[in-house]
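Asks: Residue numbers (our numbering): 81 to 324.
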């Protein structure tokens, strides 16, 4: 589902003002009273090159509530546990082989462990690629499927403070995309990926250009993923604006 500049929110209590350089138009939107901006006022200049965003929220932080969404069962649970056990077993076997000075065996185990870790990195990079594909196309349905529904996922858009909770994070993407025309131009540079057990993260420089803009917005991004039932889901997206 791609969004093309419209949106509706119920239970009006807070104001969102978006000023677009496309003819200088201004939109007043409304957010639920509990929309979790973690301060009384956030004023952010959107670095994507297409909008100026102001969020106003007068509710205290104590009113923020976590999203409670049950995780769906998946038939891949056994496979994931097996992968985790294999990695832990290989690490233990490697330590034992080194202690016993069996370096030939240690080299074989190290190769197996490296191969397993590279597979995990490839899977995290694939999840990161799907995230940016949904971002590029303004595909809210795809974005919803990529985020972890357990715990308190967190999203930090450029120049703003953190938004926590699955439902609120999804609302924030809907809001951010409201004044854009899709697809966006997005380029990634200096991409690095790391995996530790059930958690992986990608860091990169993100460059975004919107239709009608002559400049690129630059952000340094950290995307954190957690493995749930065999699949990698994003649980933290943090984009910090960078001057270029």
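Glycine included, each C-beta is placed from N, C-alpha and C at the ideal position.
I'd like to check one pair, residue 282 with residue 200: are the Cβ atoms closer than 9 Å?
Replies: No, these two residues do not count as a Cβ contact at 9 Å.
Asks: Residue 214 to residue 187, Cα distance in whole Å?
Replies: Their Cα atoms are separated by approximately 41 Å.
Asks: On a Cα-Cα basis, can you pick out the residue from 205, 323, 295 that is closest to residue 265?
Replies: The candidate whose alpha carbon is nearest that of residue 265 is 295.
Asks: Report the rounded CA-to-CA distance for residue 137 versus residue 252, giving the unit in angstroms.
Replies: Summary for residue 137: the model assigns pLDDT 40, below 50, so the residue's position carries little reliability, and this model does not support an answer.
Asks: Would residue 270 be called buried (16 or more neighbouring beta carbons within 10 Å of its own) or exposed?
Replies: Classification of residue 270: exposed, given that the 10 Å Cβ count is below 16.
Asks: Which same chain residues end up closer than 6 Å to residue 236 when comparing Cβ atoms and leaving out the 5 residues on each side of it in sequence?
Replies: Closer than 6 Å at Cβ, skipping near neighbours: 242, 318.
Asks: Count the other C-beta atoms from every protein chain shown that fall within 10 angstroms of the C-beta of residue 286, then say buried if there are 16 or more, exposed otherwise.
Replies: Residue 286 comes out buried.
Asks: Measure how close the beta-carbons of residue 313 and residue 204 come, nearest whole angstrom, since I'm counting them as under 8 Å.
Replies: Between residue 204 and residue 313 the Cβ distance is about 11 Å, and since that is not below 8 Å, they are no contact.
Asks: Count the CB pairs spanning the region 171–187 and the region 218–231 that are closer than 8 Å, and state whether there are at least three.
Replies: Verdict: no, contact absent.
Asks: Grouping DSSP H, G and I as helix and E and B as strand, with all else coil, what is residue 208?
Replies: Note: residue 208 maps to helix in three-state DSSP.
Asks: Roughly how far, in whole angstroms, is the beta-carbon of residue 166 from the beta-carbon of residue 189, given that I think they are within contact range, below 8 Å?
Replies: About 11 Å separates the two Cβ atoms, so there is no contact after all.
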